[in-house]
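The structure under discussion appears below in the form of structure tokens.
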Amino acid sequence: MNLSPIPLAIRTACPYCGVGCGVLATPVGDGAVIIAGDDAHPANRGRLCVKGSALGDTLSLDGRLLHPSVREDGALRQVSWDAALDKIAGGFRDIIAEHGPDAVALYVSGQLLTEDYYVANKLMKGYIGSANIDTNSRLCMSSAVAGHKRAFGEDLVPGCYDDFEQADMVVLVGSNTAWCHPILFQRISAIKEARPEFKVVVIDPRRTATCELADLHLPVKPGTDVWLFNGLLSYLARNGKVDAGFVAAHTSGFDGALDVAEHDCADPLAVAKACRVEPEALLDFYRSFAATTKVVTAFSQGVNQSSAGTDKVNAIINCHLLTGRIGKPGMGPFSLTGQPNAMGGREVGGLSNMLAAHMDLDNPLHRETVQGFWQAPRIADKPGLKAVDLFRDIEAGKVKAVWIVATNPLVSLPDANQVQRALEKCELVVVSDIVAGTDTNAFADVLLPALGWGEKDGTVTNSERCISRQRAFLPAPGEARADWKALCQVAQRMGFDGFDFDGPHQIFDEHARLSAYRNTPAAAPRAFSIGGLRGLTARQYDELEPVQWPVSPGGAGTARLFADGGFAHRDGRARFIATATRAPVHMPDAEYPLVLNTGRVRDQWHTMTRTGKAARLSGHVSESFIDMHPQDALKFGVREGELARVSSQWGAMVARVQHGGGIARGGVFIPIHWNGQTASDARVGTVVNPAVDPISGEPEFKHTPVTIERFGVS
Ligand code: SF4
Numbered sequence: 096m097n098l099s100p101i102p103l104a105i106r107t108a109c110p111y112c113g114v115g116c117g118v119l120a121t122p123v124g125d126g127a128v129i130i131a132g133d134d135a136h137p138a139n140r141g142r143l144c145v146k147g148s149a150l151g152d153t154l155s156l157d158g159r160l161l162h163p164s165v166r167e168d169g170a171l172r173q174v175s176w177d178a179a180l181d182k183i184a185g186g187f188r189d190i191i192a193e194h195g196p197d198a199v200a201l202y203v204s205g206q207l208l209t210e211d212y213y214v215a216n217k218l219m220k221g222y223i224g225s226a227n228i229d230t231n232s233r234l235c236m237s238s239a240v241a242g243h244k245r246a247f248g249e250d251l252v253p254g255c256y257d258d259f260e261q262a263d264m265v266v267l268v269g270s271n272t273a274w275c276h277p278i279l280f281q282r283i284s285a286i287k288e289a290r291p292e293f294k295v296v297v298i299d300p301r302r303t304a305t306c307e308l309a310d311l312h313l314p315v316k317p318g319t320d321v322w323l324f325n326g327l328l329s330y331l332a333r334n335g336k337v338d339a340g341f342v343a344a345h346t347s348g349f350d351g352a353l354d355v356a357e358h359d360c361a362d363p364l365a366v367a368k369a370c371r372v373e374p375e376a377l378l379d380f381y382r383s384f385a386a387t388t389k390v391v392t393a394f395s396q397g398v399n400q401s402s403a404g405t406d407k408v409n410a411i412i413n414c415h416l417l418t419g420r421i422g423k424p425g426m427g428p429f430s431l432t433g434q435p436n437a438m439g440g441r442e443v444g445g446l447s448n449m450l451a452a453h454m455d456l457d458n459p460l461h462r463e464t465v466q467g468f469w470q471a472p473r474i475a476d477k478p479g480l481k482a483v484d485l486f487r488d489i490e491a492g493k494v495k496a497v498w499i500v501a502t503n504p505l506v507s508l509p510d511a512n513q514v515q516r517a518l519e520k521c522e523l524v525v526v527s528d529i530v531a532g533t534d535t536n537a538f539a540d541v542l543l544p545a546l547g548w549g550e551k552d553g554t555v556t557n558s559e560r561c562i563s564r565q566r567a568f569l570p571a572p573g574e575a576r577a578d579w580k581a582l583c584q585v586a587q588r589m590g591f592d593g594f595d596f597d598g599p600h601q602i603f604d605e606h607a608r609l610s611a612y613r614n615t616p617a618a619a620p621r622a623f624s625i626g627g628l629r630g631l632t633a634r635q636y637d638e639l640e641p642v643q644w645p646v647s648p649g650g651a652g653t654a655r656l657f658a659d660g661g662f663a664h665r666d667g668r669a670r671f672i673a674t675a676t677r678a679p680v681h682m683p684d685a686e687y688p689l690v691l692n693t694g695r696v697r698d699q700w701h702t703m704t705r706t707g708k709a710a711r712l713s714g715h716v717s718e719s720f721i722d723m724h725p726q727d728a729l730k731f732g733v734r735e736g737e738l739a740r741v742s743s744q745w746g747a748m749v750a751r752v753q754h755g756g757g758i759a760r761g762g763v764f765i766p767i768h769w770n771g772q773t774a775s776d777a778r779v780g781t782v783v784n785p786a787v788d789p790i791s792g793e794p795e796f797k798h799t800p801v802t803i804e805r806f807g808v809s
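Its first residue numbered 96, the sequence shown is counted upward by one per residue in my numbering.
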């Protein structure tokens with residue numbers, strides 16, 4: 096009897112949201128792959144959401160980029176890798192020679208693996224000598240990064256997913272967890288079922304699917320979160336909830352933050368009015384928070400994507416510092432990251448204002464440390480351009496070459512028409528992608544085929560600081576190459592040493608060694624590093640189990656930070672930050688009387704280049720939509736099921752009107768996924784305003800004044 100060998104399951108990690116679930120992928124021939132949840136992965140313990148379960152449906156080679164191409168006489172023509180790399184290296188070199196290093200830029204992505212990110216950051220900051228490398232993670236969690244750095248001294252997430260299960264109350268702020276972080280939501284739901292007294296509070300202008308689990312929903316007026324949490328700080332202080340010992344021993348700045356909070360948020364009735372919520376509901380939240388020691392406050396894009404995003408983050412953290420509810424089981428502020436590797440990118444300095452290993456560009460000692468470790472010829476000496484500013488400077492002609500890797504900014508950035516003008520004007524646009532025909536790669540002068548999920552190897556870090564391996568289980572299609580390899584080959588053609596890596600394990604080892612190297616007392620008073628992972632052999636790297644950083648020399652991870660009350664500021668103390676209330680940059684008026692909010696739907700991911708391939712995922716929501724209150728629809732003369740045009744002072748888009756998404760009067764909600772490849776341009780980015788948070792540079796995706804009219808009616 097002939098027995099076929101049993102196919103082996105490869106342990107890897109989901110490429111979508113920041114929950115970072117473990118996946119078992121079993122190739123069974125002809126490109127088919129059986130997908131299952133990994134019971135042994137701590138994030139999901141065998142569960143997968145509908146997007147993760149459908150990963151096998153997204154792996155076909157239809158529409159894949161298989162060969163490099165270069166634009167000649169207006170058309171992209173297939174060329175060899177050597178020709179494409181020569182064109183990029185030569186173009187960058189010439190522009191730098193004539194205009195200096197700040198005339199070139201990289202725009203990368205939270206979809207990249209940490210190893211890709213590391214190399215991109217090293218090339219730009221250490222060898223080209225400019226910090227003009229930013230990432231689409233700027234659009235989703237840079238306010239959390241800035242808030243963490245202000246409060247804790249470094250971008251550190253204090254807690255872990257287990258804290259949600261050990262808490263007695265979970266507060267979800269600006270997060271449709273049910274759709275955007277589904278497995279974490281399932282874990283919260285399971286606790287609610289087992290312990291009915293476990294309380295869930297949802298703070299969101301929309302009544303989303305997450306509210307199905309809520310004991311209390313506060314439908315705050317968009318943009319008023321600082322009022323709400325300043326009011327909570329004041330309430331806690333006035334009701335004897337200050338952990339005086341913790342505040343005295345481990346923090347500074349309390350009096351100043353409280354003074355500012357009390358300025359206009361001491362009266363809960365005034366706060367309720369500012370936030371447009373029922374006073375009794377507000378007080379219910381305040382009383383519950385005050386009475387419950389084990390509270391996790393998790394926040395996501397509804398907090399971050401705001402011109403006051405950093406202050407919103409700090410207003411939340413302030414309440415946890417005041418009560419000493421941080422660094423202990425079942426409590427703490429918790430940033431839910433959107434992308435699979437937003438955290439990994441931060442660790443290696445993937446933002447234009449950071450250096451690798453959590454070091455700072457504006458710290459001379461840190462610059463010296465990184466340059467010395469890399470033996471780099473130079474080091475960027477000032478922060479680079481953040482995403483929105485970068486594309487402005489491209490349009491202004493100051494940045495003349497940009498290499499866009501694994502992202503589709505013509506759909507995802509705000510004021511997308513401006514982004515299009517920028518790419519039209521740019522002298523050299525390089526795009527690395529896995530698919531042909533996106534809105535962005537239509538503007539490429541050089542188009543490079545990248546490896547996709549299942550084909551590439553490396554690591555990602557999820558919202559709870561857990562590093563997991565993404566492993567290859569499919570062959571590279573056509574001539575597709577890993578992004579780290581293309582970046583290294585361009586670096587070598589530009590004449591730079593330090594890019595002769597044989598594989599991702601060598602890059603990871605260098606990253607871990609740099610992380611350890613920084614931990615001299617002068618460069619870092621406390622060790623929050625992955626130094627314990629340095630020196631892994633290729634095999635050990637391949638077999639790496641999920642581990643939460645910091646990682647000690649013995650290889651053990653760390654579930655919770657600050658357990659001893661020691662923070663990363665030089666004096667070891669956390670900072671209260673005074674967060675004065677302020678309105679969003681652009682407010683509704685007679686011409687644009689509605690407020691546009693944007694976000695995800697359950698079964699699509701980003702600009703749908705992968706999830707758009709899975710028919711079962713399109714069954715949930717098959718086209719873009721404009722969700723609005725029925726009475727507003729009546730007022731503006733638009734009807735459910737009919738096309739309408741939403742416009743702002745930046746642009747317009749068309750979609751079908753629908754009701755039932757839980758939006759309050761005065762607002763509209765449009766999903767972010769649909770792009771210009773549809774019959775009518777459904778890019779909501781054309782409408783979104785380009786205002787940003789002054790500290791983090793994160794755009795205000797949740798608050799654009801718009802109007803609406805029937806489409807096709809003159
Ligand atoms: Fe993937 Fe997120 Fe779903 Fe987990 S919850 S399977 S990481 S999309």
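For glycine and all other residues, C-beta sits at the position ideal for the given N, C-alpha and C. Being a predicted model, the structure only gives us computed values, none of them experimental.
- Comparing C-alpha distances from Leu456 to each of Asn227, Arg564, Arg516 shows the shortest one belongs to Asn227.
- A distance of 8 Å or more separates the beta carbons of Arg760 and Gly771.
- The alpha carbon of Pro122 has as its nearest neighbour, out of Leu353, Arg106, Val114, the alpha carbon of Arg106.
- Sorting Met454, Lys520, Ala471 by C-alpha distance to the C-alpha of Phe486 places Lys520 at the top.
- Annotated as distal: Val763 and Val783, with beta-carbon spacing of 8 Å or more.
- Close to the ligand SF4, as judged by a C-beta nearer than 5 Å to any of its heavy atoms, are the residues Cys109, Tyr111, Cys112, Val114, Cys116, Leu143, Cys144, Lys146, Gly147, Pro277, Ile278, in chain order.
- In the assembly as shown, Glu167 is an exposed residue. Its beta-carbon has fewer than 16 other beta-carbons within 10 Å.
- It is roughly 11 Å from the alpha-carbon of Asp354 to the alpha-carbon of Ile672.
- Per the coordinates, the alpha-carbon of Thr303 lies some 14 Å from the alpha-carbon of Val266.
- The Cβ neighbour count for Ser155, taken over all protein chains shown within 10 Å, is under 16; the residue is labelled exposed.
- Burial state of His136 is buried, judged by a 10 Å Cβ sphere holding 16 or more other Cβ atoms.
- Distances from the CA of Ser719 to each of Leu712, Phe324, Leu729, Val752 were compared; the closest alpha carbon is that of Val752.
- In the structure shown, Glu804 adopts extended strand secondary structure according to DSSP, grouped into three states.
- For Ala663, same chain residues with a beta-carbon under 6 Å away, outside a window of 5 residues either side, are Phe247, Gly248, Glu249, Arg621 in chain order.
- If you draw a straight line from the Cα of Val342 to the Cα of Asp637, it is about 44 Å long.
- Apart from the 5 residues on each side of it in sequence, Thr706 sits with its Cβ closer than 6 Å to the Cβ of Gln699, Trp700, Leu712 in its chain, given in chain order.
- By the Cβ rule, the segment 386-400 counts as touching the segment 266-283, because three or more pairs are nearer than 8 Å.
- Going by DSSP, Asp457 is part of no alpha helix (DSSP H) at all; its letter is neither H nor E.
- Of Pro163, Met236, Gly445, the smallest CA-CA separation from Gln173 is found for Pro163.
- Assignment of beta strand (DSSP E) within the segment 295-331, counting only whole runs of 3 or more residues, yields 311-313 in chain order.
- Pairing Phe538 with Val524, the inter-Cα distance amounts to about 7 Å.
- Looking at the DSSP output, Ala127 shares a beta bridge with Gly124.
- Judged by beta-carbon spacing, Ser329 lies within the 8 Å limit of Ala361, meaning their Cβ atoms are closer than that value.
- Ser225 places its beta carbon 8 Å or farther from that of Asp263.
- In this structure Ile129 is exposed. Its beta-carbon is surrounded by fewer than 16 other beta-carbon atoms within 10 angstroms.
- Taking C-alpha positions only, Cys561 is separated from Ser430 by approximately 14 Å.
- For Glu735, no beta strand (DSSP E) segment is defined, and its DSSP state is neither H nor E.
- Scanning its chain for C-beta atoms nearer than 8 Å, with the 5 sequence neighbours on each side dropped, one finds around Arg159 the residues Ile529, Val530, Ala531, Pro544, Gly547, Pro572, Gly573, Ala575, in chain order.
- In this structure, the CA atom of Ala501 is about 20 Å from the CA atom of Lys220.
- Here the alpha carbons of Gly630 and Glu375 stand approximately 57 Å from one another.
- Looking only at Pro794, Asp157, Cys109, the smallest Cα-Cα distance to Val145 is reached by Cys109.
- Classified as exposed, Ala658 has fewer than 16 neighbouring CB atoms from the shown chains inside 10 Å of its CB.
- Contact annotation, Cys235 with Ala437: C-beta distance approximately 6 Å; criterion of less than 8 Å satisfied.
- A buried status is given to Ala352, since no fewer than 16 other beta-carbon atoms sit within 10 Å of its beta-carbon.
- Closest in alpha carbon position to Arg382, among Asn413, Glu490, Lys294, is Lys294.
- For Ala138 against Cys116, the beta-carbon gap comes to about 5 Å, under 8 Å, which counts as contact.
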